[in-house]
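Here this note's numbering is used: the first residue of the sequence shown is 50, the next is one more, and so on. All residues carry an ideal CB built from backbone N, CA and C; glycine is no exception. Please read these numbers as outputs of a predicted model, since none were measured by experiment. Worksheet for the structure shown next.
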Amino acid sequence: MTAEAGMDEEFGRYRLRGTLGTGGMGQVYRAYDTALNREVALKVLHAGAASDPVFVARFKREALVAAGIDEPHVVPIYDSGEINGRLFIAMRLIAGTDVASMLKKGPLPPEQAVSLIEQAAAALDSAHDAGLEHRDIKPGNLLVTPKNFLYLIDFGIARAPGEAQLTNTDATIGTAAYIAPERLTRGVADHRADVYSLACVLFECLTGSKPYAGESLERQLYAHVHEPPPRPSEVNPAVPAAFDAVIARGMAVDPDQRFSSAPSLAAAARAALTEGGSAPVLSTAEMAMPDFTGELPTPTGPTGPGGPFGPNPTRQLETPGPGYPDTRILPADALPPAVLPPAVPPPAVPPPAVPPPAVVPAAVAPTPPPLPPELAEPAETPAPNRRRRWIVVLAAAAAAVMLVVAVAIGLPGGDDAAEPGPVVTPTQATVFSVGGEPDHPDRAGRAIDGNPDTGWTTDIYSDATPFPTFKAGVGLMLTLPSPTRVATVSVAVPSTGTAVEIRSAQTANPASLADTTVLAGPTTLTPGDNTITVGATEPTSHLLVWISTLGSTDGQSRTRLSEIVVHAAR
Numbered sequence: 050m051t052a053e054a055g056m057d058e059e060f061g062r063y064r065l066r067g068t069l070g071t072g073g074m075g076q077v078y079r080a081y082d083t084a085l086n087r088e089v090a091l092k093v094l095h096a097g098a099a100s101d102p103v104f105v106a107r108f109k110r111e112a113l114v115a116a117g118i119d120e121p122h123v124v125p126i127y128d129s130g131e132i133n134g135r136l137f138i139a140m141r142l143i144a145g146t147d148v149a150s151m152l153k154k155g156p157l158p159p160e161q162a163v164s165l166i167e168q169a170a171a172a173l174d175s176a177h178d179a180g181l182e183h184r185d186i187k188p189g190n191l192l193v194t195p196k197n198f199l200y201l202i203d204f205g206i207a208r209a210p211g212e213a214q215l216t217n218t219d220a221t222i223g224t225a226a227y228i229a230p231e232r233l234t235r236g237v238a239d240h241r242a243d244v245y246s247l248a249c250v251l252f253e254c255l256t257g258s259k260p261y262a263g264e265s266l267e268r269q270l271y272a273h274v275h276e277p278p279p280r281p282s283e284v285n286p287a288v289p290a291a292f293d294a295v296i297a298r299g300m301a302v303d304p305d306q307r308f309s310s311a312p313s314l315a316a317a318a319r320a321a322l323t324e325g326g327s328a329p330v331l332s333t334a335e336m337a338m339p340d341f342t343g344e345l346p347t348p349t350g351p352t353g354p355g356g357p358f359g360p361n362p363t364r365q366l367e368t369p370g371p372g373y374p375d376t377r378i379l380p381a382d383a384l385p386p387a388v389l390p391p392a393v394p395p396p397a398v399p400p401p402a403v404p405p406p407a408v409v410p411a412a413v414a415p416t417p418p419p420l421p422p423e424l425a426e427p428a429e430t431p432a433p434n435r436r437r438r439w440i441v442v443l444a445a446a447a448a449a450v451m452l453v454v455a456v457a458i459g460l461p462g463g464d465d466a467a468e469p470g471p472v473v474t475p476t477q478a479t480v481f482s483v484g485g486e487p488d489h490p491d492r493a494g495r496a497i498d499g500n501p502d503t504g505w506t507t508d509i510y511s512d513a514t515p516f517p518t519f520k521a522g523v524g525l526m527l528t529l530p531s532p533t534r535v536a537t538v539s540v541a542v543p544s545t546g547t548a549v550e551i552r553s554a555q556t557a558n559p560a561s562l563a564d565t566t567v568l569a570g571p572t573t574l575t576p577g578d579n580t581i582t583v584g585a586t587e588p589t590s591h592l593l594v595w596i597s598t599l600g601s602t603d604g605q606s607r608t609r610l611s612e613i614v615v616h617a618a619r
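Take a look at the structure:
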């Protein structure tokens, strides 16, 4: 099948009007959908790949994965199927080019680079929320419209953690210039490998050069594993020096030293640009090669542009050039021996000083749509999904029972406990973290969005009891609309093991945990709604739900707070 510009070839209900690009799995055409009267981008699997079960499965996966992510920065899928023995995917036709083509003209202005990374991070975050790793983040997979609106494409090798691979077990997938070290050393990675790749893309956008440009393939792979990240300000003096720390952390060899999410990387880049802020700088010793002999823990924008073309806004994509030759499947035996690190412990590093607690504002984010069963990881057991009014009624009833018991047996809060009244909806939720980076600060708002099926989760910890050994703890700081006497706090969780304290604070960003006041001591939570009697005698504008003991969710050391409901005193 061929279709050159000016030709008009039939392919089922589609008429092929030109070739947009060619990749390892197939060709992408500009096509006209005669049934729906619109132009589309039509990706068709190569005839030679149709008999290869790996390519067929990967091609089908791309359609399923992309269609299951409802995010403005992921190209919408219109249709997929098979015509005359050829698999196809029909998707929105995007006006513009890709970041790889843009970088041929040199580095991007820092403001534009940060804007593109923020949009790519939003798309990645939705994929990660769905339990998927993209595994091929690179400039060629980032499409940009004339209005600087970005789309993340090519989910063909995306995979859920723990899911069977479609490639041979001795193959390493990814593009050499952006591949995370753990993929080379162990072949096992989680969503933080995508964060590493996105940091590499940020470096290239700022400097116009790949992180380890000019090196041979073998040398690039060695550098990703053994060398500290390069400094963008040294490659391009026009780049603010604050970006050096952002790249150093985003490209840290040890995944535990990286940003925990793509939006966290984007937020640090924005701070470096607009406020002169920076992420904590990692020293050469701190960025030394970690011990890879152990096992990694198993992981768990703007509106899109449009233009008139029939009933749907579509435009033509500039041809970025044939193929993507820098994307390779690398057999393990092709890697230079030097890439694999010796099985020795990392150099001793003195424990860093405990940084001040970080509190990062978070907007309430939408929950991604459910994926098809064959793509979704085992779902957490959600807290009971009931109407908001039933939460209020049951919480009030439970609180009333607890008050009676407290008075009868003299438990704390007996005579001083306030009768629960109306629900108070916090205006903001932020992550309060002592001794470490905030856990998923961009998702904190999901714990107060009124939907128990969403929620905020901590990071996954390799230690079942990380508090206070690893760090002092973590919690959610709720900002109330006005000073309020709090009667009860209802916390919904899907699993056991978590214990929380309810505290008040004078500000949303206290200097330490000692600057907060305990309103209710440690309470062990059970699956479902847990109503904690507070009985505050003084009004507060800032309420802290502090996780003193980490629980277990799906066999992993993490806590999920599905929903938090605050009741004022009458």
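**Q.** Where the beta strand (DSSP E) containing residue 92 begins and where it ends
**A.** 87–94 is the extent of the beta strand (DSSP E) around residue 92.
Q) Leaving out five residues before and five after residue 295 in sequence, what residues of the same chain have Cβ atoms less than 6 Å from its Cβ? A) 317, 318, 321, 328
Q.
Please report the straight-line C-alpha distance between residue 292 and residue 62, rounded to a whole angstrom.
A. 49 Å
Q: Pull up the distance between the alpha-carbon of residue 588 and that of residue 226, whole angstroms please.
A: 55 Å
Q | Unbroken beta strand (DSSP E) run spanning residue 78, endpoints | A | First-last of the beta strand (DSSP E) with residue 78: 75–82.
Q. With a Cβ-Cβ cutoff of 8 Å, do residue 560 and residue 527 count as a contact?
A. no
**Q.** the stretch 161–179 contacting the stretch 260–273, beta-carbon criterion three pairs below 8 Å
**A.** no
**Q.** Beta-ladder partner(s) of residue 139, from DSSP
**A.** 91, 128
Q: Return the chain-ordered list of same chain residues with a C-beta closer than 6 Å to the C-beta of residue 157, the five sequence neighbours on each side being excluded.
A: Excluding sequence neighbours, residue 157 sits near 254.
**Q.** Straight-line Cα distance separating residue 195 from residue 476
**A.** Taking the straight line from one Cα to the other gives about 36 Å.
Q: Report the rounded CA-to-CA distance for residue 553 versus residue 497, giving the unit in angstroms.
A: 17 Å
Q. How would you write the range of the beta strand (DSSP E) that residue 192 sits in, first residue to last?
A. 191–193
Q.
Quick check on DSSP: helix, strand or coil for residue 266?
A. Secondary structure of residue 266 (DSSP, three-state): helix.
Q) Near residue 116, which residues of its chain fall below 6 Å by C-beta distance, leaving aside the five closest residues on each side in sequence? A) 126
Q.
Between which residues of its own chain and residue 82 is the CB-CB distance below 7 Å, once the five residues before and five after are set aside?
A. Close CB contacts of residue 82 within its chain, under the 7 Å cut and outside five residues either way in sequence, are with 62, 63, 89, 139 (chain order).
Q. How many Å lie between residue 237 and residue 474 at the Cα?
A. The straight-line gap from Cα to Cα measures roughly 42 Å.
Q. Quick one: what does DSSP say residue 396 is sitting in, helix, strand or coil?
A. With a pLDDT of 38 at residue 396, under the threshold of 50, the modelled position of that residue is not reliable, and the figure given next carries that caveat. Per DSSP, reduced to three states, the secondary structure at residue 396 is coil, with no helix or strand assignment.
Q: Within its chain, find whatever has a CB closer than 8 Å to the CB of residue 515; leave out the 5 residues flanking it on each side and keep chain order.
A: 599, 606
(Q) The beta strand (DSSP E) that contains residue 597, what's its start and end? (A) 589–598
(Q) Which same chain residues end up closer than 8 Å to residue 112 when comparing Cβ atoms and leaving out the 5 residues on each side of it in sequence? (A) 126, 129, 138
Q: Have a look at residue 201 and residue 313 and give me their C-alpha separation to the nearest angstrom.
A: 18 Å
**Q.** Terminal residues of the beta strand (DSSP E) in which residue 163 lies
**A.** No beta strand (DSSP E) holds residue 163; the alpha helix (DSSP H) holding it covers 159–178.
Q: Name the two residues that bound the continuous alpha helix (DSSP H) containing residue 227.
A: It is not in any alpha helix (DSSP H) - residue 227 carries neither H nor E in the DSSP assignment.
Q. Residue 501 to residue 153, Cα distance in whole Å?
A. Answer to the nearest angstrom: the Cα atoms are 47 Å apart.
Q. Does the Cβ of residue 551 have 16 or more other Cβ atoms within 10 Å, making it buried, or fewer, making it exposed?
A. Sixteen is the threshold: when 16 or more other Cβ atoms of the shown chains lie within 10 Å of the Cβ of residue 551, as they do, the residue is buried.
**Q.** Nearest neighbour of residue 162, chosen from 557, 180, 178, 188 [CA to CA]
**A.** The residue with the shortest Cα to Cα distance from residue 162 is 188.
Q: Pull up the distance between the alpha-carbon of residue 525 and that of residue 122, whole angstroms please.
A: 28 Å
Q | CB of residue 535 within 8 Å of CB of residue 592, strictly | A | yes
Q) Apart from the five residues just before and just after residue 304, which ones in its own chain have a Cβ nearer than 8 Å to its Cβ? A) Only 229, 231, 238, 239, 241, 242, 245, 345 meet the Cβ criterion.
Q: Mark residue 298 as exposed unless 16 or more other C-beta atoms lie within 10 angstroms of its C-beta, in which case mark it buried.
A: buried
Q) In three-state DSSP terms, what is residue 306? A) helix
Q: For my contact list, residue 165 and residue 199 are in at a C-beta cut-off of 8 Å; report their separation, rounded to the angstrom.
A: 5 Å
Q. DSSP state of residue 111, grouped into three classes?
A. helix
**Q.** Residue from 147, 257, 505 whose Cα sits closest to the Cα of residue 178
**A.** 505
Q: Could you tell me how far apart the beta carbons of residue 572 and residue 548 are, in whole angstroms, since I believe they sit closer than 8 Å?
A: 6 Å
Q | Delimiting residues of the alpha helix (DSSP H) encompassing residue 256 | A | Taken as a continuous stretch (DSSP letters only), the alpha helix (DSSP H) holding residue 256 covers 241–256.
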